[in-house]
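Novice: Going line by line, the protein sequences match chains Y and C.
First residue of the first sequence? That's 1 in our numbering, and the numbers climb one at a time after it.
First residue of the second sequence? That's 56 in our numbering, and the numbers climb one at a time after it.
Handing you a structure now.
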Amino acid sequence: MGWNYYTADWSVVADILYPGGAHAPAFWTFVGIVGFVAILWAGNRTEQAKYKMKS
Amino acid sequence: MEEELRLLAERLAELEASAGLTNTMFAEAYYYITIPLMILIHVGFLAYEMGATRMKNVLSSGIKNLLAFATALPAFYFFGWWVYWAFPTGFSLSAGPNEISGLAYANSIALGWGESAQYMGPNIADNVSGVVWGAFAMFAATTASIMSGSVIERIQTVGFTILAIILGSFSWVLAAAWGWHADGWLVQSWGVHDFGAAGLVHAVAAFFALGVLINLGPRIGKFNADGTANVLTGHSIPFTVIGLMLIIAGFWGFLMACVVVGGEAWSWSANFTTIYGTPTTLSALAFNILMSTAGGIIGAWVVTRDPFWMMSGALAGIISCASGLDVYFPATAFVVALVAGMILKPAATWLERRGIDDAVGAVTVHGTIGIYGMLALGIIASGYPALTGAGVATVSFVGQLVGSIVFVLIGLVTGYVSSLVLKWLGMLRVPEAAEKAGLDPVKVPTQAYPEGIPKSAPASN
Chain Y
1 MGWNYYTADW
11 SVVADILYPG
21 GAHAPAFWTF
31 VGIVGFVAIL
41 WAGNRTEQAK
51 YKMKS
Chain C
56 MEEELRLLAE
66 RLAELEASAG
76 LTNTMFAEAY
86 YYITIPLMIL
96 IHVGFLAYEM
106 GATRMKNVLS
116 SGIKNLLAFA
126 TALPAFYFFG
136 WWVYWAFPTG
146 FSLSAGPNEI
156 SGLAYANSIA
166 LGWGESAQYM
176 GPNIADNVSG
186 VVWGAFAMFA
196 ATTASIMSGS
206 VIERIQTVGF
216 TILAIILGSF
226 SWVLAAAWGW
236 HADGWLVQSW
246 GVHDFGAAGL
256 VHAVAAFFAL
266 GVLINLGPRI
276 GKFNADGTAN
286 VLTGHSIPFT
296 VIGLMLIIAG
306 FWGFLMACVV
316 VGGEAWSWSA
326 NFTTIYGTPT
336 TLSALAFNIL
346 MSTAGGIIGA
356 WVVTRDPFWM
366 MSGALAGIIS
376 CASGLDVYFP
386 ATAFVVALVA
396 GMILKPAATW
406 LERRGIDDAV
416 GAVTVHGTIG
426 IYGMLALGII
436 ASGYPALTGA
446 GVATVSFVGQ
456 LVGSIVFVLI
466 GLVTGYVSSL
476 VLKWLGMLRV
486 PEAAEKAGLD
496 PVKVPTQAYP
506 EGIPKSAPAS
516 N
């Protein structure tokens, strides 16, 4: 038998994503910090491109 | 008889539990209310900064100010709160005498993962962590906003945002850990007392801004070839003056949040205290904040007759007394603030003559006056216990001087070094062409005043 959506074990996913999951705080903190840095990096690229267009 | 006593004991236990719950909810609501009050500070800074900006840069200044607020908060969540609890004894990260500091303690309450996550998110068994964190996070955002006004019209947005993160989640927090924490080495060893954060918030943020300004340089057209300065008037003086008044309204929340509510397991006593555990009341704050506001306005009026400086004088008045709002007599606060209002404009002019283009006078209002207030307390309240307990350090001029020097260095060094790195990376100052054209047309997708503003007639004198 292959993988089945209805019988699959989702506890690992819930453990990471669901607010009450044991690893959810660590996962979301990681996503938050990485996302924060990524947005600053992307924002800087856009900003530099606008200055380049002006000059 | 025994049955009656048992019932009375049960009833008493119920009443005590009810009173305890009421007190907990009062403490929770108290700090919660300080947060929207402190948001008024940011409304004020937003209006103040945009008003002080020329029309071609208005929205760019607004975006920068909003980002200072929005990035300082998550940075303080991810790092800043941990820094406050980890660093009080210095870089050793060891526990202090009250055992509420150090690496192990910070790891147990201030990280967003593991066991400490219970204190860093919704928890029905914890009414206080979120609201106290929220109040501190607003202090963090305030430091970023203080710096924001100084650097308008020529700083890059993301570069500025990185500076706001460093200031809001590290620089001022380190100063707070050392001088605004009962385990802080400046408090324990030198008796530093800074109730309302004149030094550790205002001066640190201002000297951080000065460090940035040295690397950033003045706006084009600010200084002439012979070194004399031109006045680059903002596009809306009324906006600026109203913004300053809103900052003052928000200060009530800021200073309210400097009080530790009593009667809880984490409180110093059953009554209101300072963060150092020394007694205070909201009445003390009411007397002294109002008297210092009045003193600052009058002092600035005597010297300048200018509404911009009069409202800045109100801020300076409060900041000058912030360190000692818990101990000053109201007339003392009035006089300390009066002097602050009088020295404000000359101090700003002195700085300008040294080639520093501080667009809103933040270095003077928050920095010079913050240090003046720290030192004034060292003279006026010398001998007063700096914190609670027996045999503790007392307030002294030398202690306040040491604290001031440390705060200035924390701000200046971290601001200078971080802005220097950004300068090397080409992320500090906008190119000359963009500055001349105006930052709004270069990078903001909308117009501040699409229908323009009618020009008022020039003054007759």
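Backbone N, C-alpha and C define an ideal beta-carbon position, used for all residues, glycine too.
Since we're looking at a predicted model, the values are computed, not measured.
Per the contact definition of three or more C-beta pairs closer than 8 Å, is the region 428-436 of chain C in contact with the region 372-379 of chain C?
Specialist: yes
Novice: Which one of C:87, C:280 and C:441 has the shortest CA to CA distance from residue 331 of chain C?
Specialist: Position 276 of the second sequence, counted from the start, is the residue given in the question as residue 331 of chain C. The option with the nearest alpha carbon to residue 331 of chain C is C:441.
Novice: Report the rounded CA-to-CA distance for residue 269 of chain C versus residue 76 of chain C, giving the unit in angstroms.
Specialist: Here residue 269 of chain C is taken as the residue at index 214 of the second sequence, counted from 1. Here residue 76 of chain C is taken as the residue at index 21 of the second sequence, counted from 1. So the alpha carbons of these two residues sit roughly 52 Å apart.
Novice: Am I right that residue 306 of chain C and residue 373 of chain C are in contact with their C-beta atoms under 8 Å? What's the rounded C-beta distance?
Specialist: Position 251 of the second sequence holds residue 306 of chain C. Position 318 of the second sequence holds residue 373 of chain C. Rounded, the Cβ-Cβ distance is 6 Å, consistent with contact.
Novice: What does a CB cutoff of less than 8 Å around residue 112 of chain C pick up in its chain, not counting 5 residues either side in sequence?
Specialist: For the purposes of this step, residue 112 of chain C is taken as the residue at position 57 of the second sequence. Cβ neighbours of residue 112 of chain C beyond the five flanking positions: 207, 208, 493, 494 and 495.
Novice: Pull up the CB-CB distance for residue 277 of chain C and residue 412 of chain C, whole angstroms please, since I reckon it's below 8 Å.
Specialist: Translated into positions along the second sequence, residue 277 of chain C becomes position 222. Translated into positions along the second sequence, residue 412 of chain C becomes position 357. Yes, residue 277 of chain C and residue 412 of chain C are in contact; Cβ-Cβ is about 5 Å, under 8 Å.
Novice: What runs of the alpha helix (DSSP H), each 4 residues or longer, lie entirely inside the region 378-418 of chain C?
Specialist: 385-408
Novice: Relative to chain C, which residues along the region 37-49 of chain Y have a C-beta separation below 7 Å, given in chain order?
Specialist: 40, 43, 44 and 47
Novice: Using only the alpha-carbon positions, how far apart do residue 403 of chain C and residue 416 of chain C sit?
Specialist: Translated into the one-based positions of the second sequence, residue 403 of chain C becomes position 348. Translated into the one-based positions of the second sequence, residue 416 of chain C becomes position 361. Taking the straight line from one Cα to the other gives about 6 Å.
Novice: With a threshold of 7 Å between beta-carbons, can residue 165 of chain C be considered close to chain Y, or not?
Specialist: Within the second sequence, residue 165 of chain C is the residue found at index 110, counting from 1. Answer no: the Cβ-Cβ gap between residue 165 of chain C and chain Y never drops below 7 Å.
Novice: Rounding to the nearest angstrom, what Cα-Cα distance links residue 74 of chain C and residue 318 of chain C in this structure?
Specialist: Taking the second sequence and counting its residues from 1, the one referred to as residue 74 of chain C is at position 19. Taking the second sequence and counting its residues from 1, the one referred to as residue 318 of chain C is at position 263. Straight-line spacing of the CA atoms in residue 74 of chain C and residue 318 of chain C works out to 10 Å.
Novice: Run through chain Y and tell me which residues come within less than 7 Å of residue 176 of chain C, C-beta to C-beta.
Specialist: On the second sequence, position 121 is the one that residue 176 of chain C refers to. Simply 25.
Novice: Verify whether the separation of the beta carbon atoms of residue 190 of chain C and residue 86 of chain C is less than 7 Å.
Specialist: Indexing the second sequence from 1 puts residue 190 of chain C at position 135. Indexing the second sequence from 1 puts residue 86 of chain C at position 31. Yes, they are a contact pair.
Novice: Confirm, please, whether the CB-CB distance from residue 168 of chain C to residue 64 of chain Y is below 7 Å.
Specialist: Only positions 1 to 55 of chain Y appear in the structure, and residue 64 of chain Y is not among them; the question remains open.
Novice: Report the neighbours of residue 51 of chain Y on chain A: residues whose CB is nearer than 9 Å to its CB, in chain order.
Specialist: In the structure shown, chain A cannot be found, because the protein chains are Y and C.
Novice: Out of curiosity, what's the CA-to-CA distance linking residue 455 of chain C and residue 237 of chain C?
Specialist: The count along the second sequence starts at 1 and reaches residue 455 of chain C at position 400. The count along the second sequence starts at 1 and reaches residue 237 of chain C at position 182. If you take the alpha carbons of residue 455 of chain C and residue 237 of chain C, they lie about 16 Å apart.
Novice: Given that a residue counts as buried once 16 or more other Cβ atoms are within 10 Å of its Cβ, and exposed if not, what is residue 502 of chain C?
Specialist: Numbered from 1 along the second sequence, position 447 holds the residue referred to as residue 502 of chain C. By the neighbour-count rule (16 or more Cβ atoms within 10 Å), residue 502 of chain C is not buried but exposed.
Novice: Determine the chain Y residues that contact residue 217 of chain C at a beta-carbon separation under 8 Å, and present them in chain order.
Specialist: Sequence index remark: in the second sequence, residue 217 of chain C carries index 162 (1-based). Within chain Y, the residues near residue 217 of chain C are 40.
Novice: Please go through the same chain and pick out, in chain order, the residues whose beta-carbon is closer than 7 Å to the beta-carbon of residue 521 of chain C, but skip the five residues on each side of it.
Specialist: Limits of chain C in this structure are 56 at one end and 516 at the other, which puts residue 521 of chain C out of reach.
Novice: When burial is assigned at 16 or more other CB atoms within 10 Å of the CB, is residue 324 of chain C buried or exposed?
Specialist: As a position in the second sequence, residue 324 of chain C is number 269, starting the count at 1. Label assigned to residue 324 of chain C: exposed.
Novice: Which of helix, strand or coil does DSSP assign to residue 109 of chain C?
Specialist: Counting from 1 along the second sequence, the entry for residue 109 of chain C is found at position 54. Three-state DSSP puts residue 109 of chain C in coil, outside helix and strand.
Novice: Tell me, which residues are paired with residue 476 of chain C by DSSP?
Specialist: Looking up residue 476 of chain C in the second sequence gives position 421. BP columns for residue 476 of chain C are empty, so no partner.
Novice: Using a C-beta to C-beta distance shorter than 7 Å, which residues of chain Y count as neighbours of residue 482 of chain C?
Specialist: On the second sequence, position 427 is the one that residue 482 of chain C refers to. Within 7 Å Cβ-Cβ: 44.
Novice: Quick check on DSSP: helix, strand or coil for residue 333 of chain C?
Specialist: Here residue 333 of chain C corresponds to residue number 278 of the second sequence, with the count starting at 1. Coil.
Novice: Could you tell me how far apart the beta carbons of residue 183 of chain C and residue 82 of chain C are, in whole angstroms, since I believe they sit closer than 8 Å?
Specialist: Taking the second sequence and counting its residues from 1, one reaches residue 183 of chain C at position 128. Taking the second sequence and counting its residues from 1, one reaches residue 82 of chain C at position 27. With a Cβ gap of about 6 Å, residue 183 of chain C and residue 82 of chain C count as contacting.
Novice: Would you kindly work out how many angstroms separate the C-alpha atoms of residue 61 of chain Y and residue 227 of chain C, rounded to a whole number?
Specialist: Past the edges of chain Y, shown from 1 to 55, lies residue 61 of chain Y, and the structure says nothing about it.
Novice: With a threshold of 6 Å on Cβ separation, who are the neighbours of residue 135 of chain C within its own chain once the five nearest residues in sequence on each side are excluded?
Specialist: The residue labelled residue 135 of chain C in the question sits at position 80 within the second sequence. Excluding residues within five positions, the ones whose Cβ falls inside 6 Å are 195, 224 and 228.
Novice: Is the CB of residue 172 of chain C under 7 Å away from at least one CB in chain Y?
Specialist: Taking the second sequence and counting its residues from 1, one reaches residue 172 of chain C at position 117. Flagged as an interface residue toward chain Y: residue 172 of chain C, by a C-beta distance shorter than 7 Å.
Novice: Looking at residue 164 of chain C and residue 473 of chain C, is the spacing between their C-beta atoms short of 7 Å?
Specialist: Counting from one through the second sequence, the residue named residue 473 of chain C turns up at place 418. Counting from one through the second sequence, the residue named residue 164 of chain C turns up at place 109. No, these two residues do not count as a Cβ contact at 7 Å.
Novice: Check the Cβ of residue 33 of chain Y against every Cβ in chain C and list those closer than 7 Å, keeping chain order.
Specialist: For the purposes of this step, residue 33 of chain Y is taken as the residue at position 33 of the first sequence. Ordered by position in chain C, the residues that pass the 7 Å Cβ test against residue 33 of chain Y are 133.
Novice: Report the CB separation of residue 327 of chain C from residue 466 of chain C in whole angstroms; it is logged as a contact under 8 Å.
Specialist: The residue you call residue 327 of chain C lines up with position 272 of the second sequence. The residue you call residue 466 of chain C lines up with position 411 of the second sequence. Their Cβ separation, rounded to whole angstroms, is 30 Å, which puts residue 327 of chain C and residue 466 of chain C out of contact at 8 Å.
Novice: Beta-carbon of residue 323 of chain C versus every beta-carbon of chain Y: anything under 7 Å?
Specialist: Mapped onto the second sequence, residue 323 of chain C falls at position 268. Closer than 7 Å: no.
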